[in-house]
Amino acid sequence: MTDEEKVLAKEFFTNHLKEIIHLAIEKDIDLLVMDEIIDAYNLNMVEHDVLTDFLESRPKNLEVVMTGRNPKDEIAELADYLTHFEKVKHPFDKGIRARVGIEM
846 MTDEEKVLAK
856 EFFTNHLKEI
866 IHLAIEKDID
876 LLVMDEIIDA
886 YNLNMVEHDV
896 LTDFLESRPK
906 NLEVVMTGRN
916 PKDEIAELAD
926 YLTHFEKVKH
936 PFDKGIRARV
946 GIEM
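If you want the working numbering, it's the position in the sequence shown, counting the first as 1, plus 845.
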């Protein structure tokens with residue numbers, strides 16, 4: 846990606862993150878899953894303060910699940926749980942490609 850594309854991508858993903866946060870609070874949901882948000886954070890594809898501010902001030906009834914690898918310290922400190930998830934066995938090992946609705 847060019848520097849300009851990175852700026853546009855960060856703006857795009859940050860706007861979506863803000864919308865997700867808004868809807869989660871407005872709809873008073875109990876569980877929010879943000880798949881691969883840790884990688885987006887690590888790659889600077891979202892504004893860091895948008896995510897950390899939300900995690901620090903989220904409603905008490907809202908459980909937030911974030912996936913991704915190698916969370917930075919500031920994210921790890923805000924987490925209630927940290928899990929290292931490691932593949933031991935997977936259909937890909939038998940030559941089964943990614944499936945829509947499962948891995949994609």
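Built from N, CA and C at the ideal position, the CB exists for glycine as well.
Predicted model, so just to flag it, every value in this text is computed and none were measured.
For residue j and residue i, the rounded distance between their alpha carbons
{"i": "H929", "j": "V909", "result": "16 Å"}
{"i": "L868", "j": "Y886", "result": "20 Å"}
{"i": "V933", "j": "E948", "result": "16 Å"}
{"i": "E892", "j": "D938", "result": "36 Å"}
{"i": "E931", "j": "E850", "result": "32 Å"}
{"i": "N889", "j": "I941", "result": "32 Å"}
{"i": "E922", "j": "R944", "result": "34 Å"}
{"i": "T859", "j": "L853", "result": "10 Å"}
{"i": "T847", "j": "D898", "result": "28 Å"}
Integer-rounded CB distance, given that residue j should sit under 8 Å from residue i
{"i": "D875", "j": "N906", "result": "6 Å"}
{"i": "L896", "j": "L862", "result": "7 Å"}
Alpha helix (DSSP H) segment containing residue i, residue limits
{"i": "E922", "result": "918–923"}
Within 9 Å, strictly: CB atoms of residue i and residue j
{"i": "T912", "j": "I883", "result": "yes"}
{"i": "L927", "j": "P936", "result": "no"}
Endpoints, the beta strand (DSSP E) within which residue i is located
{"i": "E908", "result": "908–911"}
- [ ] Report the residue ranges of all alpha helix (DSSP H) runs contained in full by the stretch 866–895; include only those spanning at least 4 residues, in chain order.
- [x] The stretch 866–895 contains these whole alpha helix (DSSP H) runs: 882–887.
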